[in-house]
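Protein chains in written order, with my numbering: chain A, 252 to 450; chain B, 42 to 634. Ideal Cβ positions, reconstructed from N, Cα and C, are used throughout, including at glycine.
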Ligand code: SF4
Ligand code: SF4
Ligand code: SF4
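What follows is the structure, given as structure tokens:
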């Protein structure tokens, strides 16, 4: 990898965006790359938008991605994927979970509405959109909190990092009793690729 | 050993490596994790929360005068609270090394203003270091302690959100403990009565001279020569942004941002055709450099003084200045999208009070904490939010001029009340204001992640401590009408507020339900909606509980019926109290027909 690779991870507070970006950054550091990672939290703990910028390369300067320069946009929530699309570069890949979280501000007032099918909207604009049924897969695996690992699995197909590194980092970062199910989730994600997607 | 650390974690590591004897703070984004990391990872460093930043600063001063290395951290607005001891400590100087870390929040991700605290270093006439990465955050903290002892001065480490919260790779070192110092009696240095202070002011001026020389030599101020005719003077995260978009320009990177190395700057300016100053927020360096006679330097004109800089903002500025020929613009523009502001958690104990206040239509003076979120749609329950502790004072003034026909109620959290609400309440008692004050006691500093405070019974390092009894305290301040109540009982809250507003003199209502999120997540049996009974009236939507969503079923007007997400519902009962047809019931009571 000669150039810096930019991955933007977005979602809603509480979805595990920060853990996913930690795992990605650590795997990249262990692969010998320079890494910078920056996130917006603070008030976001309470159901707001969370985003994490991860930059990987030989030498990384800015801790944030330049708008329009993300190689990959990974969204844990479909409307959030759509919201962050301006960060993606031309020909970039959008990996978007089908998950839909409709906030109280939409249900509580008539002013706003939630998109009918944000993934379909995205696909109209971004050719390389991978809609991932991550919430369904997570439910199948018996834990809704696995969405982040499933998406990391999808992402791993597009990253120059050896599989063992992903596996080792997941093992180091999740609770011992959750390691097996997380590795299962990661593998399910790995099975999802651009060409195979039906979304 | 290399580790991926945030700037804040790197500062904590640096404190450990520098052999810090005491670290103290009041939590505030983006500074909070420094002390949390110390307590978690380096229990060998004594660390504590204090009730507010002024006290924290005073504790750190004591430790320094006592001979230990002292670290004091706070968010930018925290230094406003601590400004009084800060300005005078710059006169006395230190014994053990002293570093104040100011974590500023450009773009106000989690703050009420975006002041540039570099100005405070200049104001107090103390040296300032400004790291541009996690590695530098650690290195500069360690050097900061050395400088502090060498020049007999407090040192400011200036961080910003993007340095505090961004992670980068850090090389770890061993402990390089500082000199072993003891307290030496010296009132002429530490007792700032006018005769002594006048002498110390001279010392401060002399010290500044020495620091100016030091600034010329420190390796933190470094020239990067790439053979360009265009030079950039920058520092902090702005250096990284500029390097990102224009790596081939020449750079003078200011790691020590005050006082400035004017000789080095002069040389740099003279050896380049054009000079740009790239800095976030105020034209701090630009003004000083122009004041030194270099009027040709360019800066704010291209990069703006509001909000956070970013690679694309710097790129646009450089393009406008004709330095780079093009900027890769984003190809996609995000469509119109609903906002997703942070909201009060499902079952948050503050919700009941806000529902009642909204219903009463009174003016509500607010304060800093989770409950500030009550201002959002659809609760719309706050009218002011100025700074920590301001709600009570604001209410006193508002009430005095009869600003609101329906009266004024102040809301303040427990941590904020202890931080700086007590003196406000004392004013209300002293001047017999007719205000009603609600202390939203959730037993935590919840906004910043549930830290301890004097009323929680625990210290930062986990030791038990006596917990402040708010009811007794309020009574002792002279408040006659004090009511403690359950905020999940909507009618009770509503009626108590009404009664207390009619009672002359100050009244205090204290709510007694803990934060549902911290320190442990509190979950009771969830509630469900019987869609047969639900008329889609929307009353439950308006209380802004994230667990309540719109279902796909509608009534005959096409309005959506309600649906409760059982995994989110904490069973607080508030929604059941606003539902006219009693369509919301405990899950175990719901029998599907
Ligand atoms: S963290 Fe606690 S106090 Fe803050 S909104 Fe959530 S429940 Fe309320
Ligand atoms: S009982 Fe109602 S208001 Fe309380 S958490 Fe559950 S859904 Fe929200
Ligand atoms: S308040 Fe009751 S009736 Fe009205 S929408 Fe909510 S559940 Fe339905």
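Starting from residue i and walking both ways along the beta strand (DSSP E), at which residues does that stretch end?
i, result
"residue 298/B", "297-299"
"residue 356/B", "Residue 356/B -> not in any beta strand (DSSP E); alpha helix (DSSP H) instead, spanning 352-361."
"residue 285/A", "285-291"
"residue 272/A", "Premise fails: residue 272/A lies in the alpha helix (DSSP H), 268-281, not in any beta strand (DSSP E)."
"residue 454/B", "449-454"
"residue 481/B", "477-481"
Is there a Cβ from chain A that is less than 8 Å from the Cβ of residue i?
i, result
"residue 298/B", "no"
"residue 499/B", "no"
"residue 614/B", "no"
"residue 282/B", "yes"
"residue 381/B", "yes"
"residue 378/B", "yes"
"residue 631/B", "no"
"residue 397/B", "no"
When you compare only the Cα positions, how much space is there between residue i and residue j?
i, j, result
"residue 312/A", "residue 73/B", "25 Å"
"residue 615/B", "residue 336/A", "38 Å"
"residue 355/B", "residue 128/B", "34 Å"
"residue 167/B", "residue 261/A", "40 Å"
"residue 405/B", "residue 465/B", "16 Å"
"residue 163/B", "residue 196/B", "11 Å"
"residue 275/A", "residue 308/A", "13 Å"
"residue 448/A", "residue 394/B", "Confidence in residue 448/A is poor, its pLDDT being 44 and thus under 50, which makes the residue's placement unreliable; the coordinate value appears in the next sentence. Cα-Cα distance, rounded: 49 Å."
"residue 347/A", "residue 251/B", "57 Å"
"residue 547/B", "residue 450/B", "10 Å"
"residue 357/A", "residue 349/B", "29 Å"
"residue 346/B", "residue 47/B", "26 Å"
"residue 448/B", "residue 80/B", "44 Å"
"residue 273/B", "residue 264/A", "38 Å"
"residue 388/B", "residue 601/B", "22 Å"
"residue 366/B", "residue 283/B", "15 Å"
"residue 239/B", "residue 137/B", "23 Å"
"residue 324/B", "residue 123/B", "24 Å"
"residue 296/B", "residue 198/B", "10 Å"
"residue 304/B", "residue 362/B", "26 Å"
Any chance the CB of residue i is under 7 Å from a heavy atom of ligand 3?
i, result
"residue 576/B", "yes"
"residue 620/B", "yes"
"residue 341/B", "no"
"residue 624/B", "yes"
"residue 581/B", "yes"
Are the C-beta atoms of residue i and some chain B residue less than 8 Å apart?
i, result
"residue 337/A", "yes"
"residue 424/A", "no"
"residue 288/A", "yes"
"residue 325/A", "no"
"residue 370/A", "no"
"residue 285/A", "yes"
"residue 400/A", "no"
"residue 295/A", "A caution first: residue 295/A carries a pLDDT of 48, below 50, which makes its placement in the model unreliable, though a value can still be read off. Closer than 8 Å to some Cβ of chain B, the Cβ of residue 295/A qualifies, so yes."
"residue 330/A", "yes"
Under 7 Å: does the beta carbon of residue i sit that close to some heavy atom of ligand 2?
i, result
"residue 358/A", "no"
From what residue to what residue does the alpha helix (DSSP H) around residue i run?
i, result
"residue 320/A", "No alpha helix (DSSP H) holds residue 320/A; DSSP gives it neither H nor E."
"residue 433/A", "430-441"
"residue 199/B", "Where residue 199/B is concerned, there is no enclosing alpha helix (DSSP H), although the beta strand (DSSP E) it sits in stretches over 196-201."
"residue 248/B", "235-258"
"residue 465/B", "463-471"
"residue 85/B", "That residue, residue 85/B, is in no alpha helix (DSSP H); it is neither H nor E in DSSP."
"residue 337/A", "First-last for residue 337/A: undefined, no H or E at that position."
"residue 54/B", "48-58"
"residue 356/A", "355-358"
With hydrogens ignored, establish whether the beta-carbon of residue i is closer than 7 Å to any heavy atom of ligand 1.
i, result
"residue 559/B", "yes"
"residue 385/B", "yes"
"residue 613/B", "no"
"residue 484/B", "no"
"residue 297/A", "yes"
"residue 391/B", "yes"
Item to complete: Let me know the beta strand (DSSP E) ranges lying completely inside the region 546-612 of chain B, each 3 residues or longer, listed in chain order.
Response: As far as the region 546-612 of chain B is concerned, its whole beta strand (DSSP E) runs of at least 3 residues are 548-552, 568-570, 589-595, 601-605.
Worksheet entry | Completely contained alpha helix (DSSP H) runs for the region 376-424 of chain B, where each covers 4 or more residues | Listed in chain order, the alpha helix (DSSP H) runs fully inside the region 376-424 of chain B are 392-401, counting runs of at least 4 residues.
Worksheet item: Which whole runs of the alpha helix (DSSP H) in the region 483-527 of chain B are 4 residues long or more, in chain order?
Response: Whole alpha helix (DSSP H) segments, 4+ residues: 511-517.
Item to complete: May I have a chain-ordered list of the alpha helix (DSSP H) segments no shorter than 4 residues that lie completely inside the region 363-436 of chain A?
Response: The qualifying runs are 369-376, 385-392, 398-407, 414-424.
Fill in: Continuous alpha helix (DSSP H) assignments of at least 4 residues falling wholly in the region 159-189 of chain B
Segments of the alpha helix (DSSP H) lying fully in the region 159-189 of chain B: 159-165.
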